[in-house]
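Take 1 as the starting number for the sequence shown in full-length UniProt numbering and just add one per residue.
Note that the Cβ used here is the ideal one computed from N, Cα and C, for glycine as well.
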Amino acid sequence: MGSGQQLQALEDRHVNAVYDAIASHFSATRFAIWPRVREFLDRLPPGALVADVGCGNGKYFGVRRDIMVLGSDRSAGLAEVASRRLHPAGLGPAQALRADVLQADGLALPYRPSSCDGVLCIAVLHHISSRARRLRLLQQLVRLLRPGGLALVTVWALEQEEPQKTVAKWTRISAPV
1 MGSGQQLQAL
11 EDRHVNAVYD
21 AIASHFSATR
31 FAIWPRVREF
41 LDRLPPGALV
51 ADVGCGNGKY
61 FGVRRDIMVL
71 GSDRSAGLAE
81 VASRRLHPAG
91 LGPAQALRAD
101 VLQADGLALP
111 YRPSSCDGVL
121 CIAVLHHISS
131 RARRLRLLQQ
141 LVRLLRPGGL
151 ALVTVWALEQ
161 EEPQKTVAKW
171 TRISAPV
C-alpha cells in the first residue's frame, strides 16, 4: 500500500490541503447539530471532558455548556475557524464556550491517556488512507478514554440519497506504490 510517510503525504495533499483551502466555505455549510451527536453528548455527566477529534469548525463545542470540549483538527484552516467560535463577538468571558482547540494529527494526539469521559470523531475516519492508519486513529481514541468512557465514531456512508450524483463528482487517485 505504501509507507507511512507516503500515505501521510497522500492525505496531506488530497485531504488536509483541500480542507485548508476551503475551510471558511466548508464551515458555512456545516452548522446543523446531528441528532445522534446531541444524544451522545446528552448521555455524558455534567463536568465531562470530551475530545472532539477532527472537530472541523467546532460546531459541537457549545452543545452543552456544562462540559469541556478539547477540539483538534489536522487542518490548520479548520482549527483556525473553530478557534473563532471560542469567544463569540459581543459575549463576555462568562458566556464563552467551555472549549479549546488546537491543530493536531489524530494519529498522534497530545493528550494524556485515560483523560476523557467522551470522545467524538465525526466524519474523519474515512479520510485516513489505509486500514493500518485507521486502526491507529481508533487506538488513539480509545487511549484517551477513562474507564467507562464513551466514544462516538461516524464515517461517511456510500448509501446516500443520491449516491450516483455524489460519487460522480469524485476523481479517483492512486495510492503510492
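For residue j and residue i, the rounded distance between their alpha carbons
i: L44; j: G148; result: 11 Å
i: V155; j: L125; result: 6 Å
i: A51; j: I33; result: 17 Å
i: M68; j: L49; result: 5 Å
i: V53; j: S72; result: 5 Å
i: V177; j: G2; result: Note that V177 scores a pLDDT of 48, beneath 50, so its modelled location is shaky and nothing firm can be said.
i: G4; j: Q140; result: 16 Å
i: S9; j: V153; result: A small fix is needed here, since residue 9 is Ala in this sequence, not Ser. Answer to the nearest angstrom: the Cα atoms are 24 Å apart.
i: G77; j: A21; result: 7 Å
i: G62; j: A151; result: 18 Å
i: L70; j: A99; result: 6 Å
i: R38; j: R64; result: 9 Å
i: D42; j: P35; result: 10 Å
i: E80; j: L97; result: 15 Å
i: R13; j: R133; result: 16 Å
Other residues of its chain near residue i: CB distance less than 6 Å, five sequence neighbours each side excluded
i: L137; result: G106, L107, I128
i: R143; result: P113
i: D66; result: P46
i: I122; result: T154
Continuous beta strand (DSSP E) stretch holding residue i: start and end
i: V53; result: 49 to 53
i: A123; result: Careful: A123 lies outside any beta strand (DSSP E) and carries neither H nor E.
i: L70; result: 68 to 73
i: L102; result: 99 to 103
Distance CB(residue i)-CB(residue j) smaller than 8 Å
i: A82; j: G118; result: no
i: R146; j: C116; result: yes
i: L120; j: V101; result: no
Neighbourhood of residue i by C-beta distance below 7 Å, restricted to the same chain and skipping five residues each side
i: P110; result: A104
i: R84; result: none
Span of the alpha helix (DSSP H) around residue i
i: V155; result: Run containing V155: none; DSSP gives neither H nor E here.
i: D42; result: 35 to 42
i: R84; result: 76 to 84
i: R143; result: 131 to 144
Close-in-space but distant-in-sequence residues of the same chain around residue i (CB under 8 Å, 5 per side omitted)
i: V40; result: According to the sequence provided, residue 40 is Phe. The question's Val does not apply to it. Excluding residues within five positions, the ones whose Cβ falls inside 8 Å are G118, L120, L150, L152.
i: L135; result: none
Check: residue i C-beta below 7 Å from any heavy atom of the ligand GDP
i: A32; result: Among the ligands in the structure shown, none appear at all, so the ligand GDP cannot be discussed.
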